[in-house]
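Chains as they are written, first to last, in our numbering: chain S, 81 to 243; chain L, 133 to 707.
Ideal placement from N, C-alpha and C gives every residue a C-beta, glycine not left out.
This one's a predicted model, so the numbers in the text were calculated from it and none came from an experiment.
Report on one structure; see the data block that follows.
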């Protein structure tokens, strides 16, 4: 099953590679990984999307906690959470595509952030599955380029990951 | 501190840090990137530097020093090849959770990333085989980093910590101020076990009808042997030790069932499989210990698992009562609860269980065919045990001889058995013996090895000469990589692919060339006399290399074939 794991770690060089190295060394799946400093510059926040049986997820959490640079780990799937991912899609905007792409972007509440003679760049935010749905809804021939940030997650209401 | 506080070089700061940590030995090898450090070593007399002949041996020897004393082992190597040579030693220590600090030189900060001479990304290379590592980029951070390194290495589940120091950092100066303590928000190892879980565990132990205690290296490393003995004797439970746990419980005690696992005893493996309450302490259910987890599974068995590392719990085997904590602290709490409780396990059930165990024991799985023609390797180990009165520090390399040492040398005390259990590193035996001998200069130290393993770090005969280390090498020479040969015999249709050790040196002459005493023993009747001579007062100060020419085709039994369960052993008489 897919899990979203959030963690706070010391904002030190090499900390990211410790996490990435752990996943490859122990053959854990990694669907996406995002990392950036928090409001406290000494800390980075990472969101990892992974999948595995409950046993594997339990081991992943334990192994992450074991890393000396990791301060706190939270499995967002243990409670209610919000997941968001940003995607930029460059699509063909010629002939019939020009109208069609605008319409699709509106339906998915995307925004066209760059307009060129032959293409649009659409910005879309949402859960990973919404972004997947958007790509599926588009005519494959229209997609020129896509870039996704990977998911960021945060607990709902009182679920706060902070030290 | 004011402006008049003297500034000293990074190299001197490092030396002062080691002094503050009360380091007695540094095992190392000099080179360009660590010249400033070696210059400061020259000027001090707080610790002794042990010059090895290869960096791998420096790390192994420091590792063994730690295993034999409980202190943090310290090794010092130069950048590039010095650092990479150390990696096998670091990985070995990591797999067995040995507290160590390895200091590696690095090219000067401005040269990092420039493919400089003798540059290697040591922090990157060692990341997967250290507990933690540091690159010190500022001379002001040397002291605090070394403090952290020692703290991380020795606390929680211990392990090696690498500190990589660029050459310019050892030359620049700063004020020396060694921190009194360390606090790290990201690293807070658990010591005390959850008291509710401990109560639950005690209740289960007291209700057990077929109890079994299984302990590993955690008991030895956690110095919890005394508490373990108290607990096991109080309850009258049977106990087994893993390869790493030997000595944690006295092997000559009647409650001890021997080692378990792939080459464990019949009684220990059967009791593991058939017990109703299993108490695992400082052990990790690894593949060589319980075999295939599916075959090990038994729904009628409840497992209590005490370990300092939460990630060791329910990794390969689901447990019912996990207790995360330092084994010493948890065992102390269990013993206290038992003292306050008048209840004891039902005597009748325990008696029936012991009768079953004695029936398994009566299979005498560790017997071997005696011979007057050819030296049986097991016989040499038995005699070694007798001659040293079971009181030596024994190191081993990896393979058949390691298993025979574990099976036939009965360790009654912890920290006496020093071997590479997790990584299985051939070549550790001789440097391990050096570390153990330096830690205990007056003790008898023997290295049980084979003619294949010993050649992997044979250059250390020179170090033994320089430091007058009277190690006794027991070379069980069967002219084969014995364990490889055994697997090829059992599982590869007797195709002995590349497992024959051809063109062996004359070990007697080799030992003599290094200034040691060499002996070649070819007849079973000479074994005891040779050992007695080697350990006699006349040779107390000398290193002795005993080359025992042993039975070429002897195999290690019992054996649980790879992927099988503990009750699926092959016994010697079944073949």
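The stretch 224-257 of chain L is shown to contain no whole alpha helix (DSSP H) run of 4 or more residues.
Residue range 187-201 is occupied by the alpha helix (DSSP H) that includes residue 197/L. In this structure, DSSP gives residue 272/L a helical state, which the three-state scheme calls helix. DSSP places residue 218/S in the coil class of the three-state scheme, outside both helix and strand.
The alpha carbon of residue 646/L has as its nearest neighbour, out of 664/L, 655/L, 674/L, 620/L, the alpha carbon of 674/L. For residue 178/S, the three-state secondary structure derived from DSSP is helix. The beta carbon of residue 258/L lies closer than 7 Å to those of 219, 222, 265, 294 in the same chain, with the five residues before and after it left out.
Shown here is that no member of the stretch 401-433 of chain L has a Cβ falling below 8 Å from a Cβ of chain S. Apart from the 5 residues on each side of it in sequence, residue 389/L sits with its Cβ closer than 8 Å to the Cβ of 370, 371, 372, 397, 399, 400, 403, 489, 493 in its chain, given in chain order. Ranking 452/L, 315/L, 210/L, 692/L by CA distance to the CA of residue 336/L puts 452/L first. Interface residue (Cβ-Cβ distance to chain S less than 7 Å): residue 264/L is classified as such.
Here the C-alpha atom of residue 376/L lies approximately 35 Å from the C-alpha atom of residue 310/L.
Taken through DSSP and simplified to helix, strand or coil, residue 564/L comes out as helix.
As the crow flies, the alpha-carbon of residue 198/L is around 10 Å from that of residue 286/L.
For residue 639/L, the enclosing alpha helix (DSSP H) starts and ends at 639-645.
Annotation: Cβ neighbours of residue 243/S in chain L (cutoff 8 Å, chain order): 317. For residue 443/L, the nearest CB of chain S lies under 7 Å from its own CB, placing it at the interface with that chain.
Membership of residue 234/S in any alpha helix (DSSP H) is not indicated; the residue belongs instead to the beta strand (DSSP E) covering 232-235.
With 16 or more neighbouring CB atoms inside 10 Å of its own CB, residue 533/L falls in the buried class. Counted as a single uninterrupted DSSP element, the stretch harbouring residue 441/L is not any alpha helix (DSSP H), since DSSP gives it neither H nor E. For residue 276/L, the closest of 415/L, 549/L, 304/L, 313/L by C-alpha to C-alpha distance is 313/L. Listed along chain S are 94, each with a C-beta nearer than 8 Å to that of residue 255/L. Runs of the beta strand (DSSP E) lying entirely within the stretch 140-164 of chain S, each at least 3 residues long, are 150-155 in chain order.
Residue 199/S: member of the beta strand (DSSP E) spanning 199-206, first to last residue. For residue 424/L, the CB contacts under 7 Å within the same chain, skipping 5 residues up- and downstream, are 695, 696, 697 in chain order. Within the same chain, and ignoring the five residues on either side of residue 607/L in sequence, the residues whose Cβ sits closer than 8 Å to its Cβ are 581, 582, 583, 586, 639, 677, 678, 679, 680. Remark: three or more beta-carbon pairs, one from each stretch, lie closer than 8 Å, so the stretch 521-529 of chain L and the stretch 563-581 of chain L are flagged as touching. Beta-bridge partners assigned by DSSP to residue 88/S: 125/S, 152/S. At a cut-off of 7 Å between C-beta atoms, residue 148/S counts as an interface residue with respect to chain L. A check of alpha carbon separations from residue 103/S across 158/S, 131/S, 182/S identifies 131/S as the nearest.
Here residue 269/L is not near residue 291/L, since their CB atoms are 7 Å or more apart. Chain L has a Cβ within less than 7 Å of the Cβ of residue 101/S.
Sequence-ordered contacts of the stretch 102-120 of chain S with chain L read 105 [C-beta pairs closer than 7 Å]. Listed along chain S, the residues sitting closer than 7 Å to residue 260/L by beta-carbon distance are 101, 105. Between residue 90/S and chain L, the shortest Cβ-Cβ separation is below 7 Å.
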